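Q: Just so you know, we're using our numbering here: the sequence shown kicks off at -18 and counts up by one. Where is the CB? At the ideal position from N, CA and C, for every residue including glycine. Predicted model, so just to flag it, every value in this text is computed and none were measured. I am attaching a structure below and will ask some questions about it afterwards.
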Amino acid sequence: MIAQNARVANRRADPARQAFVVALAFFCQWAAWPATAALPPVEFSAASVEIGELRATGLEVRLENGRELEARADQWRHQAIDRVFAAVALDGRLVDGQPPWKATGLSGRVRTEGHEADLTLRRQEGGVEAELVIDMLPLASLADIAGSTDLAGWLTRGTVSARLRYAGKAERESALTGTLRIGDLAFDSPDGRFAAEGLDFVVEGEWAGSDAPGADLRGTLASGELLIDSFYRDFSDGTLDFALQPRWRQGNLSLENIRLTDRQFLQLRGRARIPSGGDLQNASITVDRLELAFPGAYLRYIEPAAATWTLDGLSVTGGMVWSGSWNAGVFRSGDLELRDLSVVDTTANRFAFTGLEATLRPGDHRFDSKLAWRGLLFGRINLGAGEVALDSEPGAVALRRPLELDVLGGRLRLQDFRIVFPGRSEDLEGEPDIRLRVGLEALDMKRLTAAMDWPSFEGKISGEIPGVRFQDGVLEVDGGIRVNVFDGRIDLQDLRIERPFGVLPSLAGTVEIQDLDLEQLTRTFSFGRIAGRLDGHVHELRMLDWRPVAFDAWLGTPERQQEKNDISRQAVNRLTTIGGGGATAALTSPILRLFNSFSYRRLGLGCRLRNDVCEVRGIGEDDVSVLLLEGAGIPKITIRAFNRRVDWPQMVANLLAISTDSPETPGN
């Protein structure tokens, strides 16, 4: 029997049953054949055959001895998904029943692209059953068979094994059940954001077809490594169990009853919806409950991503329960509970939060959301215990009333604090927007310098920071910070810090210095004694990894200072070392050895730093040198720098050496 084209017209009928109808047509010519005679071979060929949405071209079928069946098709195409499949061949044998038209099934091997699978068909009353068994098929070959060149380009290795069972009945919905096992999966996306190595997982499930077809799936990620953007997990330390129920309704995909379970460390329940056409921008995700137990959840799921902010290597204990949703790009946070949560930086000793307890119910103004802690430590600055009332809205949290803390012998007043989480508005993506306003009152500089392990000096820090914003990884300070120190003041302005908790943090800002007491300053840093006042600035300051890489700085006596002031022998030597020049008078002469101090009229030192080179300037200059100090009285000394371009690392080394030298003593 030869046909140019064949079509099974009833597209609403079950496709598997339609295929069986075509197969029965092969047996019709035997209906009148004598039962005792040998059955002749039967051949069927067609240029194309359509069964529902499936179209086969170049089809050839041959039946030998009423039992042995061979079938070939050059190409298969599924109209609905517009996908072309490679050539498929079937070698099988009819089972049960004599003559052939009474056969109840078919058992054979399916081959395509050099790969094989076992296929079994069984005719049941009112329907058909089929089973397909695949064993260790290379995933790359499967991608080639499906025509997915993009996916094949990602894959480097992996195998798939499966056992799929299909049952189609006239009186009930068709059903597909099976087990799918992926072994030793490895892939890598071209941009490096997605990758896997040695990943093994198993999926079991049932599929039911109807007006709203769907499936019940469950499985386990058993071993291997997985990278999804900034998320990384090594499953060698434990498995992750998952379950979900995909449903298709009018072109929309919904994922119901999503479950993720990692022993006691992670428990998640949620659901998701993806509009027709795979429009992820308008997708919605709802987390009904996420429960994390630390330290396991931190080590397995949070630490790899936190490393971007240098927040890896932390000691985290306690627990957290959270709910929230993401709908069309808008984030809404639900209830949050912190249960005796402690986060301690045991590696770098930057901070420690202990005993955090919180209960937040966003949008529920009848409930008092609050946050409490037993201990709060930044470096060696201890803020102690405290509690704060919060005003919580979906996607945002803020202080309900100002918070005051006793800090370093003074007061810190947190007047305003607000966090807006990513996705709450179209202008905010990727990172939270943090804003705060802080007042400082009489913080003791001596206690601060001790806590920071800096040279000890006295003074007070007071003032108000009218606004601090943290958005897109950048911390910006509105207004200025005033530090009252050395009987004068230092103003920090236009501060901007990029990646403050990340790799290679960058700082930009301006420093204004006014009316410092030089004697207090030089005594603090073991520079030697210099009397008088000091003004200055640091403009165009740029720091990378907290080290200066560029600035334009000036330190000098103000023009309003007219009287003479004293400078010690040690300070003269120090200033000479910094400037890279020398004193015009020989301080080692027998007469000058009698003097421990000298008089000066004015002094000044400037540095413009670029590319690790400091361009030195002073209070005056000539063709060969820069004037750093103008002497007065007898004996008169003058300090000049003859090297106008000084190596910055060497200059820093000289300053450090000066600060660690022994203090000045009489006759030195």
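Using C-beta distances below 7 Å, list every residue in its chain close to V530, excluding the 5 sequence neighbours before and after it, in chain order.
A: The sequence position of residue 530 within the sequence shown is 549, counting from 1. Taken in chain order, the residues that qualify are R523 and M524.
Q: Since G460 contacts I446 with CB under 8 Å, what's their CB separation in whole angstroms?
A: Residue mapping note: residue 460 aligns to position 479 of the sequence shown, counting from 1. Residue mapping note: residue 446 aligns to position 465 of the sequence shown, counting from 1. Indeed, because the Cβ distance is near 6 Å, the residues count as touching under 8 Å.
Q: Round the Cβ separation of L421 and S443 to the nearest angstrom and send it over; I've been treating them as touching at under 8 Å.
A: Along the sequence shown, read from residue 1 onward, the residue named residue 421 stands at position 440. Along the sequence shown, read from residue 1 onward, the residue named residue 443 stands at position 462. With a Cβ gap of about 6 Å, L421 and S443 count as contacting.
Q: Identify the residues that DSSP records as bridge partners of R119: which are they?
A: Taking the sequence shown and counting its residues from 1, one reaches residue 119 at position 138. Here the sequence assigns Pro to residue 119, which means Arg is not the residue at that position. In the DSSP output, where bridge partners are listed per residue, P119 has T140.
Q: Which residues in the same chain have their Cβ closer than 7 Å to the Cβ of T298, if we skip the five residues on either side of it in sequence?
A: In the sequence shown, counting from the first residue as 1, residue 298 sits at position 317. Same-chain partners within the cutoff: F275, P276 and S323.
Q: Can you tell me whether R598 is buried or exposed? The criterion is at least 16 other CB atoms within 10 Å of its CB, across all chains shown.
A: Counting from one through the sequence shown, the residue named residue 598 turns up at place 617. So R598 ends up on the buried side.
Q: Please check if any C-beta of chain B sits within less than 9 Å of the C-beta of R555.
A: The structure shown has no chain B; it contains just one protein chain.
Q: How many angstroms separate the CA atom of D590 from the CA atom of N624?
A: Taking the first residue of the sequence shown as position 1, residue 590 is located at position 609. Taking the first residue of the sequence shown as position 1, residue 624 is located at position 643. Correcting the residue type first, residue 590 is Leu in the shown sequence and not Asp. Each residue's alpha carbon lies about 15 Å from the other.
Q: Provide the residue span of the beta strand (DSSP E) that contains K351, from first to last.
A: Numbered from its first residue, the sequence shown carries residue 351 at position 370. Taken as a continuous stretch (DSSP letters only), the beta strand (DSSP E) holding K351 covers S350 to W354.
Q: Just to confirm before moving on: does the CB-CB distance between R416 and R450 stay below 9 Å?
A: Here residue 416 is taken as the residue at index 435 of the sequence shown, counted from 1. Here residue 450 is taken as the residue at index 469 of the sequence shown, counted from 1. Cβ distance < 9 Å, so R416 and R450 count as in contact.
Q: Can you grab the Cα-Cα spacing for the pair T140 / L161, in whole Å?
A: Mapped onto the sequence shown, residue 140 falls at position 159. Mapped onto the sequence shown, residue 161 falls at position 180. When rounded, the distance between both Cα atoms is 11 Å.
Q: With burial defined as no fewer than 16 other Cβ atoms inside 10 Å of the residue's Cβ, what is the status of A552: buried or exposed?
A: Here residue 552 refers to the residue found at position 571 of the sequence shown. Buried: at least 16 other Cβ atoms inside 10 Å.
Q: According to DSSP, simplified to helix, strand and coil, what is M433?
A: Translated into the one-based positions of the sequence shown, residue 433 becomes position 452. It is coil, neither helix nor strand.
Q: Once the 5 residues before and after R477 are set aside, which same chain residues still bring their CB inside 8 Å of it?
A: Stepping through the sequence shown from its first residue, residue 477 is reached at position 496. V455, L456, E457, V458, L488, A489 and G490, listed in sequence order.
Q: Could you tell me the distance, in whole angstroms, from the CA atom of L273 to the CA atom of Q248?
A: As a first step, residue 273 must be located in the sequence shown, where it is residue number 292. As a first step, residue 248 must be located in the sequence shown, where it is residue number 267. Approximately 7 Å, taken between the alpha carbons.
Q: What's the gap between the Cα of R342 and the Cα of P375?
A: Here residue 342 corresponds to residue number 361 of the sequence shown, with the count starting at 1. Here residue 375 corresponds to residue number 394 of the sequence shown, with the count starting at 1. The straight-line gap from Cα to Cα measures roughly 9 Å.
Q: Would you kindly report the start and end of the unbroken beta strand (DSSP E) that includes Q262?
A: Counting from 1 along the sequence shown, the entry for residue 262 is found at position 281. Q262 -> no beta strand (DSSP E), and no H or E assigned at all.
Q: Closest to S104 by CA distance: which of G149, A278, N46 and F506 is it?
A: Within the sequence shown, numbered from 1, the residue matching residue 104 stands at position 123. The question names Ser, but residue 104 in the sequence shown is Arg. That would be G149, whose Cα lies nearest to the Cα of R104.
Q: Beta carbon of A70, beta carbon of E51: below 9 Å?
A: Along the sequence shown, one-based indexing puts residue 70 at 89. Along the sequence shown, one-based indexing puts residue 51 at 70. Result yes, Cβ atoms of A70 and E51 sit closer than 9 Å.
Q: Measuring only the C-alpha atoms, how far is P630 from G537?
A: By 1-based counting over the sequence shown, the position of residue 630 is 649. By 1-based counting over the sequence shown, the position of residue 537 is 556. So the alpha carbons of these two residues sit roughly 22 Å apart.
Q: Would you kindly report the start and end of the unbroken beta strand (DSSP E) that includes T289?
A: By 1-based counting over the sequence shown, the position of residue 289 is 308. Neither: T289 is in no beta strand (DSSP E) and is coded neither H nor E.
Q: Can you tell me whether DSSP reads N635 as helix, strand or coil?
A: Translated into the one-based positions of the sequence shown, residue 635 becomes position 654. Of the three classes helix, strand and coil, the one that applies to N635 here is helix, per DSSP.
Q: DSSP state of P171, grouped into three classes?
A: Your numbering for residue 171 matches position 190 in the sequence shown. Three-state result, P171: coil.
Q: Is it buried or exposed, L261, if we count other Cβ atoms within 10 angstroms and call 16 or more buried?
A: Counting from 1 along the sequence shown, the entry for residue 261 is found at position 280. It counts as exposed.
Q: Does DSSP put G179 in a helix, in a strand, or in coil?
A: Translated into positions along the sequence shown, residue 179 becomes position 198. G179: strand per DSSP, three-state reduction.
Q: So for K441, helix, strand or coil by DSSP?
A: Locating residue 441 in the sequence shown gives position 460, where the first residue counts as 1. In this structure, K441 counts as strand in the three-state DSSP scheme.
Q: Quickly, what does DSSP pair M301 with across the bridge? List them, please.
A: The residue given as residue 301 occupies position 320 in the sequence shown. L273 and L319, per the DSSP bridge assignment.
Q: Return the residue from the list D387, L337, E479 and N546 that minimises the CA-CA distance to L584.
A: Reading the sequence shown from its first residue, position 603 is the one you call residue 584. For L584, the nearest C-alpha among the options comes from N546.
Q: Within its chain, find whatever has a CB closer than 6 Å to the CB of N238; leave out the 5 residues flanking it on each side and keep chain order.
A: Position 257 of the sequence shown, counting from 1, holds the residue named residue 238. Excluding positions up to five away in sequence, the list reads Q226.
Q: Around the Cβ of T328, are there at least 16 other Cβ atoms within 10 angstroms (buried) or fewer (exposed)?
A: The residue you call residue 328 lines up with position 347 of the sequence shown. T328 comes out exposed.
Q: Which residues in the same chain as R(-12) place their Cβ atom closer than 7 Å to its Cβ, once the five residues preceding and following it in sequence are excluded?
A: The residue you call residue -12 lines up with position 7 of the sequence shown. Interpretation of R(-12) is limited by its pLDDT of 46, a score under 50 that renders its predicted location unreliable; the figure taken from the coordinates is listed afterwards. Closer than 7 Å at the Cβ level, and outside the excluded window around R(-12), lie E31.
Q: Does the separation of the CB atoms of L280 and M301 fall below 9 Å?
A: Counted from its first residue, the sequence shown places residue 280 at position 299. Counted from its first residue, the sequence shown places residue 301 at position 320. Not closer than 9 Å, so no.
Q: Taking the beta strand (DSSP E) that Q501 belongs to, which residues open and close that run?
A: Translated into the one-based positions of the sequence shown, residue 501 becomes position 520. Unbroken run through Q501 is the alpha helix (DSSP H), L499 to T505; no beta strand (DSSP E).
Q: Going by CA-CA distance only, name the one from G251, G232 and Y581 that's closest to I615.
A: What you label residue 615 is simply residue 634 of the sequence shown in a count that begins at 1. Nearest option by C-alpha distance: Y581.
Q: Could you tell me the distance, in whole angstroms, from the CA atom of S26 to the CA atom of E185?
A: Here residue 26 refers to the residue found at position 45 of the sequence shown. Here residue 185 refers to the residue found at position 204 of the sequence shown. Cα-Cα distance, rounded: 38 Å.
Q: Inspect the beta-carbon positions of A431 and R331 and report whether they are closer than 9 Å.
A: Indexing the sequence shown from 1 puts residue 431 at position 450. Indexing the sequence shown from 1 puts residue 331 at position 350. The answer is no: Cβ separation not under 9 Å.
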